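Below: one structure, written as structure tokens.
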RNA sequence: GGUCCCUUCGUCUAGUGGUCUAGGACACUGCCCUUUCACGGCGGCAACACGGGUUCGAACCCCGUAGGGAUCACCA
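Numbering (our numbering), first residue to last: 1020 to 1588.
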């Protein structure tokens, strides 16, 4: 990357617009609706993100949950700000009043905190451009709306929704793009009074150009050209004067000094109208970058929180969900059915994922450094990410790969950090008593023994038999190792005798003892060890047998063998 | 249906005209290691959507076709 050259070229572009000649020409002979306001301002060329102070934003609406796709968008925004010493702003899009914003906002902020994505301005931290809730910025929007009205870029319209709907359907049936003929547009105060006398309510619409084209220079997509005529006269204010999303968004982006609007590609079709609003208001345009959306597992459609049933048909997705449910159930997690879903970040936090692993995986959805390196520390993410290496095509969410990333990251953790993460789960399951040294030591032993069999903190549930006696017995393993070999019970009985005489019950001591037993009996270790495992853990597999026995403890081991023998006969 | 976007292994991707008999990762899979289950090591399977150009030469450039997707609200 050549920062200085990039900087030069972006300055050159700013001084001498080269791209949108068509738009300028068309603007000149447009004649009717608007005067010379419309002159697209060229955007910075690629790479320019490295050399300017960047202000980005993520604008969630308070829905109560954080979508994985949204997190990726936020991540890119956050990185862009961090790598340039710029600011990352959180703005709350709550123009659609009526819900409990505060309650629905908390889970989102918590999600950000958990992920370690801090915001420089926004809820709770404030900032110089506040307030950061759209519901509290009405005056600014009202001002913008009246300016738009005055300059003729917007008009009052008295169409009824169903009247417009009829028109739209007719256009659609004839295969034409719907173009509103503005038949209920108020040209003057007299019109307004007349319509109001008819009992009509007036909204404010954008008076979109009917010819020429809008050129969007997108950092990821390149040049996107849209005919103005294909744009609607979008409503920007309701009858009660309250603003709609596009208006509010553009006004705020400008007021906040947002330099880069980085958002999901589904916003691309919205961009022309936002460009229109911004330019009508005389704003300098931000640089746009439209990210490919995150697609569903094994598919190409946009990942949606609402299609759980469909995703559950995907093996890997179903596995993750099953794992999550098992952890939630065993650890008595109070999960909300509505948010306990692998499409939402809450899920991962609840079952003991590492935020860095999630972020690392998400960053690779649509972005790559060189096709070789895939693992990045947070510092590397900030250092190495560039928008010009973001792909254009949607990337499908792969739960198996995410889990693999999580497993690797989790196993790279130092033992004490692992223990710290796992402990809450073990405590919640009722297996470990917090503050009790013996109990905590046992947990540490189990975690050390389990090693990389623990992929996430919640995986501790697989080792319930280390802590309690009411574990499940795997029927297949029982059949194979206890029932089928005719001598298993007999051997187990003898082994129990042998073990009962042991003074020490450390892993090493037990190993010696069991191996000595095998020698005495002239059998291979393999002939007893499987039966021993099933008898003492009920499981077909697990970590080292002798570590397992040591952790369970002499008394319990003997009891369990005894019980197995009793049940078998 | 209109508008816009996209198209390399099952998935994420590398690739910017010759180094591509297309590289890496996840998944799947074979072997080795091993008392089990994992880890690990060494292998394997597997892709340039299609058709035309341009060129000595195309995954890469151009044009079409097909397919997929997003979006078309007084939601955000």
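Even for Gly, the Cβ is constructed at its ideal location relative to N, Cα and C.
Given the structure is predicted, the values throughout are model-derived calculations rather than measurements.
Of the residues the options, the one placed nearest residue i, counting alpha carbons only
i, options, result
"residue 1143", "1300, 1392, 1475 and 1121", "1121"
"residue 1255", "1249, 1248, 1247 and 1264", "1264"
"residue 1179", "1104, 1375 and 1203", "1203"
"residue 1364", "1442, 1377 and 1356", "1377"
"residue 1176", "1214, 1150 and 1194", "1214"
"residue 1272", "1551, 1078 and 1575", "1078"
"residue 1575", "1246, 1554 and 1097", "1554"
"residue 1599", "1157, 1166, 1253 and 1247", "Only positions 1020 to 1588 of the chain appear in this structure, which leaves residue 1599 out of reach."
"residue 1415", "1156, 1321 and 1172", "1321"
"residue 1465", "1456, 1420, 1474 and 1479", "1479"
"residue 1362", "1448, 1085, 1550 and 1284", "1085"
"residue 1163", "1262, 1401, 1573 and 1490", "1262"
"residue 1231", "1219, 1223 and 1245", "1245"
"residue 1135", "1436, 1368 and 1257", "1368"
"residue 1170", "1429, 1489, 1301 and 1517", "1301"
"residue 1160", "1147, 1229, 1259 and 1218", "1259"
"residue 1431", "1472, 1183, 1514 and 1507", "1472"
"residue 1276", "1151, 1219 and 1552", "1151"
"residue 1423", "1506, 1132, 1387 and 1339", "1339"
Neighbour-count burial assignment, residue i, 16 or more Cβ in a 10 Å radius
i, result
"residue 1241", "exposed"
"residue 1460", "exposed"
"residue 1569", "buried"
"residue 1268", "buried"
"residue 1227", "buried"
"residue 1587", "exposed"
"residue 1582", "exposed"
"residue 1542", "exposed"
"residue 1094", "buried"
"residue 1325", "exposed"
"residue 1106", "buried"
"residue 1360", "buried"
Local conformation of residue i per DSSP, three classes
i, result
"residue 1108", "strand"
"residue 1338", "helix"
"residue 1173", "strand"
"residue 1138", "coil"
"residue 1152", "strand"
"residue 1080", "coil"
"residue 1379", "helix"
"residue 1468", "helix"
"residue 1236", "strand"
"residue 1409", "strand"
"residue 1584", "helix"
"residue 1321", "strand"
"residue 1145", "strand"
"residue 1597", "Summary: the structure shown does not reach residue 1597, with the chain confined to residues 1020 through 1588, and so no result is reported for it."
"residue 1092", "helix"
"residue 1422", "helix"
"residue 1415", "strand"
"residue 1473", "coil"
"residue 1579", "helix"
"residue 1462", "helix"
"residue 1128", "helix"
Chain-order list of residues whose beta-carbon lies under 7 Å from that of residue i (same chain, five-residue window excluded)
i, result
"residue 1065", "Residue placement at residue 1065 is poorly supported in this model, since its pLDDT is 39, which falls under 50; the coordinates are not used for a value here."
"residue 1383", "1393"
"residue 1469", "1482 and 1562"
"residue 982", "With the chain covering only 1020 through 1588, there is no way to say anything about residue 982."
"residue 1279", "1068, 1073, 1075, 1099, 1305, 1306 and 1308"
Same chain, Cβ closer than 8 Å to residue i, neighbours up to 5 away in sequence not counted
i, result
"residue 1495", "1559"
"residue 1544", "1533, 1534 and 1537"
"residue 1289", "1265"
"residue 1091", "1310, 1313, 1381, 1382, 1384 and 1385"
"residue 1571", "1484, 1485, 1555, 1556 and 1579"
"residue 1401", "1098, 1101 and 1102"
Close beta carbons around residue i, own chain, < 6 Å, minus the five adjacent residues each side
i, result
"residue 1565", "1526, 1529 and 1530"
"residue 1308", "1238, 1239, 1281 and 1406"
"residue 1476", "1371, 1440, 1441 and 1444"
"residue 1112", "1078, 1080 and 1153"
"residue 1573", "1524"
"residue 1335", "1418 and 1419"
"residue 1510", "1547"
Check: residue i C-beta below 7 Å from any heavy atom of the ligand GDP
i, result
"residue 1104", "Ligands displayed in this structure: none; no statement on the ligand GDP is therefore possible."
Q. What residue ranges within the stretch 1546-1577 form continuous alpha helix (DSSP H) runs of no fewer than 4 residues, ordered along the chain?
A. Unbroken alpha helix (DSSP H) stretches of 4 residues or longer found wholly inside the stretch 1546-1577: 1564-1571, given in chain order.
Q) What are the start and end residues of each continuous alpha helix (DSSP H) run of 4 or more residues lying completely inside the stretch 1478-1543, in chain order? A) Runs found: 1494-1497, 1507-1519 and 1526-1540.
Q | Secondary structure, beta strand (DSSP E): runs of 3+ residues fully inside the stretch 1240-1313 | A | Listed in chain order, the complete beta strand (DSSP E) runs (minimum 3 residues) inside the stretch 1240-1313 are 1241-1246, 1254-1256, 1279-1283 and 1306-1310.
Q: Pick out the complete beta strand (DSSP E) segments inside the stretch 1157-1232, 3 residues or longer, and give them in chain order.
A: For the stretch 1157-1232, whole beta strand (DSSP E) runs of length 3 or above, ordered along the chain, are 1173-1176 and 1222-1225.
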